[in-house]
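Report on the following structure.
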């Protein structure tokens with residue numbers, strides 16, 4: 001039978017509960033990215049079907065291919081966010097339970113994701129401007 005861990009004198013249940021709320025917020029963010037990526041990827045198929053219904057040749061146009069790549073990238077980004085969030089949460093709880101005081105990182109996942117999405121948005125904007 002495993003021995004129980006010694007209890008911390010400064011243990012505060014609010015801290016692990018706040019960490020869990022943060023984890024759930026990141027999971028919602030990852031799921032939203034995956035859902036949005038799915039919609040973007042399927043929009044390219046919708047455009048192809050629309051062209052076919054108008055009698056145009058159903059060739060893979062650049063917009064269809066781009067929407068599929070962009071959508072797949074967003075889905076994979078959502079998966080990555082969920083995996084990293086789970087790992088960070090597990091690491092935080094382990095450190096907190098062992099008595100360490102976990103410290104915040106200057107390049108948090110929120111900052112990295114924000115910069116990545118901003119760069120992706122600039123890339124999409126440049127692509128859309130080139131289509132005109």
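Residue numbers (the UniProt record's numbering): 1 to 132. Glycine included, each C-beta is placed from N, C-alpha and C at the ideal position.
If you compare the alpha carbons of 116, 30, 75 and 126 with that of residue 42, the shortest gap goes to 75. In this chain, the alpha helix (DSSP H) harbouring residue 37 covers 14 to 53. Residue 118 and residue 98 have their alpha carbons spaced roughly 37 Å apart. If you check the CB distance, residue 73 and residue 37 come in under 9 Å. Excluding sequence positions up to five before and after residue 33, its CB lies within less than 7 Å of the CB of 74, 77, 78 and 81, all in the same chain and listed in chain order.
In the structure shown, residue 101 adopts coil according to DSSP, grouped into three states. It is roughly 11 Å from the alpha-carbon of residue 88 to the alpha-carbon of residue 105.
In this structure, residue 112 keeps its C-beta atom at 9 Å or more from the C-beta atom of residue 71. Here the C-alpha atom of residue 29 lies approximately 20 Å from the C-alpha atom of residue 122.
With a 10 Å radius around the Cβ and a threshold of 16 neighbouring Cβ atoms, residue 26 comes out buried.
Comparing C-alpha distances from residue 110 to each of 85, 127 and 124 shows the shortest one belongs to 85.
Exclusion of the five residues before and after residue 15 leaves 96 as the residues of its chain whose Cβ lies within less than 7 Å of its Cβ. Around the beta-carbon of residue 130, fewer than 16 other beta-carbon atoms lie within 10 Å, marking it exposed. A Cβ-Cβ separation of about 6 Å places residue 93 in contact with residue 19 under the 8 Å criterion.
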